[in-house]
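Written out below as structure tokens is the structure these notes cover.
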Amino acid sequence: MRLHETLPLTDDGPRPPSHFNCRSTVVPIIKSWRELGFDRDEPPGPVRPFLRSKQRLRNVPKADRDALRGTVPGDMNYGDWLRKQPASFQDEVLGPTRAKLFRDGGLPIERFRDLKMTSDFNLDELRRREPEAWRNAFDVA
257 MRLHETLPLT
267 DDGPRPPSHF
277 NCRSTVVPII
287 KSWRELGFDR
297 DEPPGPVRPF
307 LRSKQRLRNV
317 PKADRDALRG
327 TVPGDMNYGD
337 WLRKQPASFQ
347 DEVLGPTRAK
357 LFRDGGLPIE
367 RFRDLKMTSD
377 FNLDELRRRE
387 PEAWRNAFDV
397 A
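Structure (structure tokens):
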């Protein structure tokens, strides 16, 4: 489902995530300084606030540029994308225990959630459902 819409800024209305593994986002459309009534020009050159690196884009290795730009190949799912992110980012998104299960336990992202109920399993439920992943991630018998 594609939601290519321009909506006014309100407290109600659709907001990401729209579904499990949703990659959609909200992007503000802002007025220029002149449209806001200031006698001021826009900043020179491209502004790239989403970059994780302060390097100029041409100095970043070509293979790493897409990740810095924020683009994701259309055939890449969320789990594949998340696996390519730094461990610190995975920890932030999943929490440290789930991230370790994801990285070291080999547990696919889809297994963290009951897709019929659309709710996340708590850690005790994951331990019961995925004992092999727990053994791999935490070296427990």
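Taking the working numbering, the leading residue of the sequence shown gets 257, the next gets one more, and so forth.
Cβ coordinates follow ideal geometry from the N, Cα and C atoms, glycine included.
Values in this document were obtained by computation on a predicted structure and should not be read as measured data.
- Query: DSSP state of residue 375, grouped into three classes?
  - Reply: strand
- Message: Quick check: the Cα distance between residue 391 and residue 341, rounded to an integer number of angstroms?
- Response: 23 Å
- Query: Anyone know if the C-beta pair for residue 357 and residue 346 falls short of 8 Å?
  - Reply: no
- Among the residues of its own chain, which have a CB less than 6 Å from the CB of residue 296, if the five just before and after it don't count? 289
- Exposure of residue 393, with buried meaning 16 or more beta-carbon neighbours within 10 Å: buried
- Message: With a threshold of 8 Å on Cβ separation, who are the neighbours of residue 305 within its own chain once the five nearest residues in sequence on each side are excluded?
- Response: The pLDDT assigned to residue 305 is 46, lower than 50, so where the model puts this residue is not dependable; a value taken from the coordinates is nonetheless given after this. Once the five neighbours on either side are set aside, residue 305 has no close Cβ partner at all.
- What does a CB cutoff of less than 8 Å around residue 396 pick up in its chain, not counting 5 residues either side in sequence? Listed in chain order, the non-local C-beta contacts of residue 396 below 8 Å within the same chain comprise 390, local neighbours out to five positions each way being set aside.
- Query: Cα separation between residue 360 and residue 351?
  - Reply: 14 Å
- Message: I'd like the list of long-range same chain contacts for residue 355, defined as Cβ closer than 8 Å, with 5 residues on each side in sequence excluded.
- Response: 343, 346, 347 and 349
- Taking all protein chains shown into account, do 16 or more other C-beta atoms lie within 10 angstroms of the C-beta of residue 363, making it buried, or fewer, making it exposed? buried
- Given a cut-off of 8 Å, decide if residue 335 and residue 366 are closer than it, judged by their beta-carbon atoms. Taking 8 Å as the Cβ cut-off, residue 366 and residue 335 qualify as a contacting pair.
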